[in-house]
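Numbering (our numbering), first residue to last: 73 to 187.
Structure below.
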């Protein structure tokens, strides 16, 4: 009697693309519009005024989440780590578009700079 072997080469793609990134609104420190967290969540400032701003900041923070997943970006209370180098939080202007991790995020999300 022949044995049945399922076609393991058959793949089906989902008909829709769903992003499951948890996004929360929170009171953030002055000047901070969003945060990409090590646990894969995003915090958005409760002071963002409209959907366009929220979408723009969300896309920017998703770049940071991707950097974290790749192993390029991490942080703790004292430092932000970019590709193994410690950048002291006391000595830097966090969010500055000239920081290497911010350069990538700003480049991939052009309209974020205009907020």
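The C-beta atom is built at its ideal place from N, Cα and C for all residues, glycine as well. Note that the structure is predicted; figures quoted are calculated from it, not measured.
Same chain, Cβ closer than 7 Å to residue 154, neighbours up to 5 away in sequence not counted: Taking the chain shown and counting its residues from 1, the one referred to as residue 154 is at position 82. In chain order, 144, 145, 172, 173 place their CB closer than 7 Å to the CB of residue 154, counting only its own chain and leaving out the 5 sequence neighbours on each side.
Terminal residues of the beta strand (DSSP E) in which residue 145 lies: The count along the chain shown starts at 1 and reaches residue 145 at position 73. Note, residue 145: beta strand (DSSP E), 145-147.
Assigned exposure category for residue 185 - 16 Cβ within 10 Å defines buried: Stepping through the chain shown from its first residue, residue 185 is reached at position 113. Because the pLDDT at residue 185 is just 48, under 50, the model does not fix this residue reliably, and the point stays unresolved.
Assumed close pair residue 137, residue 117 - CB separation to whole angstroms, cut-off 8 Å: Numbered from 1 along the chain shown, position 65 holds the residue referred to as residue 137. Numbered from 1 along the chain shown, position 45 holds the residue referred to as residue 117. With 8 Å as the limit, residue 137 and residue 117 do not qualify as a contact, their Cβ atoms being about 17 Å apart.
contact_flag[the segment 162-181, the segment 126-142] where n(CB pairs < 8 Å) is 3 or more: Judged by Cβ distances under 8 Å, the segment 162-181 makes contact with the segment 126-142, as three or more pairs qualify.
As assigned by DSSP and simplified to three states, the class of residue 130: The residue given as residue 130 occupies position 58 in the chain shown. Three-state DSSP puts residue 130 in a helix.
Where the alpha helix (DSSP H) containing residue 175 begins and where it ends: Here residue 175 is taken as the residue at index 103 of the chain shown, counted from 1. Under the DSSP assignment, residue 175 falls in the alpha helix (DSSP H) whose first and last residues are 172-180.
Length at least 3, wholly inside the segment 87-113: the beta strand (DSSP E) runs in chain order: Taking only runs of at least 3 residues, the beta strand (DSSP E) segments lying wholly in the segment 87-113 are 95-98, 106-108.
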